[in-house]
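Engineer: This structure is in structure tokens; I'll ask about it shortly.
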Amino acid sequence: MKQKLTKWRLFTVFGLMALVLSGCGEPFLSTLIPAGEAGQTAYDIMMLSTWIMVGVVIVVSILFAVAVIKFRRKKGDTTIPKQVEGSHVLEILWTTIPILLLIILAIPTVIATFDLADTKAMDKKNEDGTTDAMVVNVRASLYWWEFEYPNQKIITSQDLVVPTDQKVYFNVKASDVKHSFWIPAAGGKVDNNVENVNQMWLEFDNEKAAEADNLFYGKCAELCGPSHALMDFKVRALPQDEFDQWVTAMQAVDAEAAEETPTDPTAAAGQEVFNQKCLSCHAVTTADARPEAARTAPNLANFGDRELVAGILEHNEEELKNWIEDPEQYKPGNKMTGTYGELSDQELDQLAAYLMGLKVEQ
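What follows is the structure, encoded as structure tokens:
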């Protein structure tokens, strides 16, 4: 008996913990702390549906309690309660009320669905082929992300940088298998398909971005392989002037700048190692002229400015060397595994020094 009571107590404790922890979240990751218009719209609809469900549960629970208490059979009572089957009033009530609740939920949901799917601004081209709208092409691969800014002629990877207080439009696709582009705090997710391009828009509120230190987490939300859970990226939401400065700095990383020899001897030697071992897959220029099919690995032009190594490890030389030496240990099934010869400890040190020096922001 005591064992059963103990189990029930544990069950109660864990149940209460789950209830309390379900309300926990961080502004850089939680859908319950929306960071922009799209996220706020989804949050409002979720809360509306939640309150409707809670209301239904409360009403049903009260009716159930009343029926159990008031109409329970008493000892010696053989009377048959009044029968109400076939009551037109009850039938109208339990048919009409659910319909009204569905209408209340359906109207804002349909309006929001069409609003969030409105990407016509992406189709309005200027004479030079650019758009007034902020556009980013998102391409997902096993297990990394590429972000192309067609108006600014910039290609980068792993860290998405966007301006705040304006709509950012996305063309979303995949290069190998189905993935899903999701920034929980910013709004809903959309599938990255190989056979077609999906479109969406998100907006990052400047004040909400400041609360999250201008950094949000992005995830792959479609099971895509053994390292699906590790397919993360970071989103830096910057005020417009800071975003413009970033764009200018990125555009300055052209082919000539990439070929400049670093002043540090170790990094200079690392550049030679990179050119021999890595350049066939990776690029270090933001205006990557290679066709999309040839961009089989992340662009490393601003690698030194990134938040994490491979999207999951601390951004320092030691973790970078660990990743280069054995990427399979950290992301099983990734395409970098086994694509180059072994490097000596000295070459690893040199390569890490070179990559960590690839910075566009001072």
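Numbering (the UniProt record's numbering), first residue to last: 1 to 362. Here a beta-carbon is modelled for each residue, glycine too, at the ideal position from N, C-alpha and C.
(1) Taking the alpha-carbon positions, what's the Leu230 to Glu328 distance?
(2) Give the straight-line distance between the Cα atoms of Met200 and Met46, rounded to the nearest whole angstrom.
(3) Can you check which of these residues, Glu146, Glu361, Ala252, is closest to Asp159 by C-alpha distance?
(4) Any idea if Phe216 is buried or exposed, counting beta-carbon neighbours within 10 angstroms, 16 or more meaning buried?
(5) Excluding the 5 residues flanking Tyr169 on each side, which residues of the same chain have their C-beta closer than 6 Å to its C-beta?
(6) Run the CB neighbour count on Ile155, radius 10 Å, all protein chains shown included, and call it buried at 16 or more, exposed below.
(7) Please tell me whether Ala268 and Thr261 are closer than 7 Å, where the distance is taken between their beta carbons.
(8) Taking only beta-carbon positions, decide if Phe11 is within less than 7 Å of chain D.
(9) Return yes when the Cβ of Ile183 is within less than 7 Å of the Cβ of Val235, no when it is not.
(10) Quick one, are the C-beta atoms of Lys321 and Ala352 less than 7 Å apart?
(11) Tell me whether the beta-carbon of Ile197 lies closer than 7 Å to the beta-carbon of Lys173.
(12) Specify, as a first and last residue, the run of the alpha helix (DSSP H) that Asp44 falls within.
(13) By DSSP, does Thr266 sit in helix, in strand, or in coil?
(14) For a test of the three-state rule: what should DSSP assign to Leu142, helix, strand or coil?
(15) For Asn334, count neighbouring Cβ atoms within 10 angstroms of its own Cβ and tell me buried if that reaches 16, exposed if not.
(16) Below 8 Å on the Cβ atoms is my contact criterion, and I expect Gly357 with Gly304 to pass it. Report the Cβ-Cβ distance as a whole number of Å.
(17) Is Gly218 helix, strand or coil by DSSP?
(18) Could you tell me which of Tyr143, Val84, Ala117 sits nearest to Ala42, measuring between CA atoms?
(19) Please state whether DSSP places Ala301 in a helix, a strand or coil.
(20) Identify the residues that DSSP records as bridge partners of Glu203: which are they?
(21) Among the residues of its own chain, which have a CB less than 8 Å from the CB of Glu222, if the five just before and after it don't count?
(22) For the alpha helix (DSSP H) containing Lys189, name the first residue and the last one.
(23) Specify, as a first and last residue, the run of the alpha helix (DSSP H) that Thr113 falls within.
(24) Hey, Cys278 and Thr296 are a contact pair by Cβ (cut 8 Å); roughly how many whole angstroms apart?
(25) Output needed for Thr109: all residues of its chain with C-beta closer than 7 Å, excluding positions within five of it in sequence on either side, in chain order.
(26) What three-state label does DSSP hand Arg236 in the structure shown?
(27) Can the beta-carbon of Phe28 be found closer than 7 Å to that of Ala186?
(28) What span of residues does the beta strand (DSSP E) with Ile312 cover, start to end?
(29) Return the Cβ separation of Glu37 and Glu203 in integer angstroms, given the expectation that the two are a contact with Cβ distance under 8 Å.
(30) Report yes if the CB atom of Lys331 is closer than 7 Å to the CB atom of Tyr143, and no otherwise.
(31) His179 by DSSP, collapsed to three states: which one?
(32) If you run the structure through DSSP and keep just helix, strand and coil, what is Ala174?
(33) Quick one: Cα of Arg72 to Cα of Ile62, how far?
(34) Tell me the rounded alpha-carbon separation between Asp205 and Arg9.
(35) Could you give the residue range of the beta strand (DSSP E) that holds Ile324?
Structural biologist: By the coordinates alone:
(1) Stepping through the sequence shown from its first residue, residue 230 is reached at position 230. Stepping through the sequence shown from its first residue, residue 328 is reached at position 328. Those two C-alpha atoms are separated by around 12 Å.
(2) Indexing the sequence shown from 1 puts residue 200 at position 200. Indexing the sequence shown from 1 puts residue 46 at position 46. Roughly 19 Å separates the two Cα atoms.
(3) Residue mapping note: residue 159 aligns to position 159 of the sequence shown, counting from 1. When only C-alpha atoms are compared, the closest one is Glu146.
(4) By one-based count along the sequence shown, residue 216 stands at place 216. Result: buried.
(5) The count along the sequence shown starts at 1 and reaches residue 169 at position 169. Around Tyr169: Thr119, Met122, Ala133, Val135, Trp201.
(6) Counting from one through the sequence shown, the residue named residue 155 turns up at place 155. By the neighbour-count rule (16 or more Cβ atoms within 10 Å), Ile155 is buried.
(7) As a first step, residue 268 must be located in the sequence shown, where it is residue number 268. As a first step, residue 261 must be located in the sequence shown, where it is residue number 261. Yes, the pair counts as a contact, with Cβ atoms nearer than the cut-off.
(8) You won't find chain D in this structure, because it holds only one protein chain.
(9) Position 235 of the sequence shown holds residue 235. Position 183 of the sequence shown holds residue 183. Cβ distance < 7 Å, so Val235 and Ile183 count as in contact.
(10) As a first step, residue 321 is located in the sequence shown; it is residue number 321 there, counting from the start. As a first step, residue 352 is located in the sequence shown; it is residue number 352 there, counting from the start. Going by C-beta atoms, Lys321 is nearer than 7 Å to Ala352.
(11) Here residue 197 refers to the residue found at position 197 of the sequence shown. Here residue 173 refers to the residue found at position 173 of the sequence shown. Before going further, note that residue 197 is Val rather than Ile in the sequence given. Taking 7 Å as the Cβ cut-off, Val197 and Lys173 qualify as a contacting pair.
(12) Counted from its first residue, the sequence shown places residue 44 at position 44. Its alpha helix (DSSP H) spans residues 37-70.
(13) The sequence position of residue 266 within the sequence shown is 266, counting from 1. DSSP places Thr266 in helix when its eight states are reduced to three.
(14) Here residue 142 corresponds to residue number 142 of the sequence shown, with the count starting at 1. Residue state, collapsed to three classes: coil.
(15) Numbered from its first residue, the sequence shown carries residue 334 at position 334. By the 10 Å Cβ count, Asn334 comes out buried.
(16) Indexing the sequence shown from 1 puts residue 357 at position 357. Indexing the sequence shown from 1 puts residue 304 at position 304. With 8 Å as the limit, Gly357 and Gly304 qualify as a contact, their Cβ atoms being about 6 Å apart.
(17) Position 218 of the sequence shown holds residue 218. Residue state, collapsed to three classes: strand.
(18) The residue given as residue 42 occupies position 42 in the sequence shown. Cα-wise, what sits closest to Ala42 is Ala117.
(19) Looking up residue 301 in the sequence shown gives position 301. Looking at Ala301 - three-state DSSP - the assignment turns out to be coil, as it is neither helix nor strand.
(20) Against the sequence shown, residue 203 aligns to sequence position 203. According to DSSP, Glu203 bridges with Lys167.
(21) Position 222 of the sequence shown holds residue 222. The answer, listed in chain order, is Lys178, His179, Ser180, Asp191, Asn192, His228.
(22) If you number the sequence shown from 1, residue 189 lands on position 189. Unbroken run through Lys189: none, as it is neither H nor E.
(23) In the sequence shown, the residue the question calls residue 113 occupies position 113. It spans 88-116 - the alpha helix (DSSP H) in which Thr113 sits, taken as one unbroken run.
(24) Here residue 278 corresponds to residue number 278 of the sequence shown, with the count starting at 1. Here residue 296 corresponds to residue number 296 of the sequence shown, with the count starting at 1. Cys278 to Thr296, Cβ: 12 Å. No contact.
(25) Counted from its first residue, the sequence shown places residue 109 at position 109. Cβ within range, chain order: Ile45.
(26) The residue labelled residue 236 in the question sits at position 236 within the sequence shown. Strand, per DSSP.
(27) The residue given as residue 28 occupies position 28 in the sequence shown. The residue given as residue 186 occupies position 186 in the sequence shown. Result no, Cβ atoms of Phe28 and Ala186 do not sit closer than 7 Å.
(28) In the sequence shown, counting from the first residue as 1, residue 312 sits at position 312. Premise fails: Ile312 is in no beta strand (DSSP E) and is neither H nor E.
(29) Position 37 of the sequence shown, counting from 1, holds the residue named residue 37. Position 203 of the sequence shown, counting from 1, holds the residue named residue 203. That pair is a contact at about 5 Å.
(30) Taking the sequence shown and counting its residues from 1, one reaches residue 331 at position 331. Taking the sequence shown and counting its residues from 1, one reaches residue 143 at position 143. Yes; because the gap between Cβ atoms is below 7 Å, this pair is in contact.
(31) Within the sequence shown, the letter at position 179 stands for residue 179. In this structure, His179 counts as strand in the three-state DSSP scheme.
(32) Residue mapping note: residue 174 aligns to position 174 of the sequence shown, counting from 1. The answer is strand: DSSP assigns Ala174 an E or B state.
(33) The residue you call residue 72 lines up with position 72 of the sequence shown. The residue you call residue 62 lines up with position 62 of the sequence shown. In a straight line, the C-alpha of Arg72 is about 15 Å away from that of Ile62.
(34) Here residue 205 refers to the residue found at position 205 when the sequence shown is read from its first residue. Here residue 9 refers to the residue found at position 9 when the sequence shown is read from its first residue. Answer to the nearest angstrom: the Cα atoms are 44 Å apart.
(35) Along the sequence shown, read from residue 1 onward, the residue named residue 324 stands at position 324. Taken as a continuous stretch (DSSP letters only), Ile324 belongs to no beta strand (DSSP E), being part of the alpha helix (DSSP H) at 317-325.
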